[in-house]
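Down below is the structure, laid out as structure tokens.
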Amino acid sequence: MLFKFASADLENTSIIDCSTGQVVYHVSTPGPCVRARSRSTTSIRSFATYSSSSREKIDMAEPKITSLIDSDGVAVAEIFWENGVASVIRIGDETLAGTRDLFDASCVRTTEDETCIPTRMEYTWRTTEDELTLLDDDSEVIGRYYSDCASDDLLPAYASGSGSDYFELDMQQVSEDEIAELFVSYLLMHRLRERMYSLPKAHSQQYLQPPKSPLHRLRRRAGRSIANLRDSLRRSVS
Numbered sequence: 001m002l003f004k005f006a007s008a009d010l011e012n013t014s015i016i017d018c019s020t021g022q023v024v025y026h027v028s029t030p031g032p033c034v035r036a037r038s039r040s041t042t043s044i045r046s047f048a049t050y051s052s053s054s055r056e057k058i059d060m061a062e063p064k065i066t067s068l069i070d071s072d073g074v075a076v077a078e079i080f081w082e083n084g085v086a087s088v089i090r091i092g093d094e095t096l097a098g099t100r101d102l103f104d105a106s107c108v109r110t111t112e113d114e115t116c117i118p119t120r121m122e123y124t125w126r127t128t129e130d131e132l133t134l135l136d137d138d139s140e141v142i143g144r145y146y147s148d149c150a151s152d153d154l155l156p157a158y159a160s161g162s163g164s165d166y167f168e169l170d171m172q173q174v175s176e177d178e179i180a181e182l183f184v185s186y187l188l189m190h191r192l193r194e195r196m197y198s199l200p201k202a203h204s205q206q207y208l209q210p211p212k213s214p215l216h217r218l219r220r221r222a223g224r225s226i227a228n229l230r231d232s233l234r235r236s237v238s
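Residue numbers are given in the UniProt record's numbering: position 205 of the sequence shown equals residue 205, and the series is strictly consecutive.
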């Protein structure tokens, strides 16, 4: 199945089923607000004190929250951001301790060319400078990200930045109840990949020292991003 992202801003976009043209999910990230925790969500503050089964209602100023909303208007998943880190993730009625529970940091594999990050569903995200793919437990590709395409035929856009992003998923290898969690992990992996490999042009113009090689910059950024991810997950365990 081929999915199209209506906007390049993955924090505020619609995910469209290309076979039907129907919106499958909306991704919404409003600004911080004051809200009461519902029976299906757990706040950042209370998470450190109560287990995920705690249902006490607490009014507080919430940090940024990214919601995955289905076609019926139900928020089937939420990512709670704290200082740019996904510290709490809710998927359905289950509350996770952020990326620590969603990914397996102990099995992250990093080389000069690629980084592989397993998920708790026994799928693995593989990212390189040019690709983002989803692998099954046999290391077969079952999902693939396509960037800046002109149309559903996945041909590159004529002008850079004028196309849309797509994600192709083999639905024969994925169960229906896994899709929401896969999109949550996709949003997080896409964000990580941008930090690892993207370097804004303006950034390089701010410095006068001789530029280092692209490979050197890539190694430093990839190593730093993975180290930060591991540190974040380990801190949440302790």
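Beta carbons: idealized from backbone N, C-alpha and C, even for Gly.
Under 9 Å between C-beta atoms of residue 65 and residue 29 = yes
Please determine, among 74, 8 and 63, the residue with the shortest C-alpha to C-alpha distance to residue 24.
-> 74
Please classify residue 107: does DSSP put it in a helix, a strand, or coil?
-> helix
Rounded to a whole number of angstroms, what is the C-alpha to C-alpha distance between residue 184 and residue 26?
-> Going by the C-alpha atoms only, they are around 12 Å apart.
Minimum C-alpha distance to residue 109 - residue among 20, 125 and 168 | 125
Output the distance between the C-alpha atoms of residue 179 and residue 112, rounded to the nearest integer angstrom.
-> Rounded to the nearest angstrom, the gap between the Cα atoms of residue 179 and residue 112 is 30 Å.
Using DSSP with H/G/I as helix, E/B as strand and the rest coil, what is residue 77?
-> strand
Sort out for me which residues DSSP pairs residue 144 with in a bridge.
-> 133 and 168
Of the listed residues 12, 93 and 123, nearest to residue 107 (C-alpha basis) = 123
Would the segment 148-156 and the segment 83-99 be scored as touching if the rule is three or more Cβ pairs under 8 Å?
-> Touching, no, given that fewer than three Cβ pairs across the two stretches are closer than 8 Å.
In its own chain, which residues sit with a C-beta less than 6 Å from the C-beta of residue 127, not counting the 5 before and 5 after it?
-> 115 and 193
So what's residue 84 in DSSP terms, helix, strand or just coil?
-> coil
Pull up the DSSP beta-bridge partners for residue 68, would you.
-> 27 and 77
Nearest-angstrom Cα distance between residue 81 and residue 138?
-> 33 Å
Sequence-distant residues of its chain with Cβ nearer than 7 Å to residue 21 (five each side left out) | Counting only residues of its own chain and dropping the five nearest sequence neighbours on each side, residue 21 has no CB closer than 7 Å to any other CB.
Tell me, please, whether the segment 131-147 touches the segment 166-175 by the rule of three or more beta-carbon pairs shorter than 8 Å.
-> yes
Residue 120, DSSP secondary structure in three states = Here residue 120 sits in coil by DSSP.
Among 160, 97 and 129, which residue has its Cα nearest to the Cα of residue 120?
-> Ranked by Cα distance from residue 120, the first of 160, 97 and 129 is 97.
Got a sec? Which residues, its chain only, sit under 7 Å from residue 8 by beta carbon, not counting five neighbours each side?
-> For residue 8, where only same-chain residues beyond five positions count, the Cβ hits under 7 Å are 165.
Grab me the residues of residue 187's own chain with a C-beta within less than 6 Å of its C-beta, minus the 5 sequence neighbours each way, in chain order.
-> 10
Would you identify the three-state DSSP class for residue 113, choosing helix, strand or coil?
-> In the three-state reduction of the DSSP assignment, residue 113 falls in the coil class, being assigned neither a helical nor a strand state.
Paired residues, beta bridge with residue 90 - DSSP = Beta bridge pairing from DSSP links residue 90 with 78 and 95.
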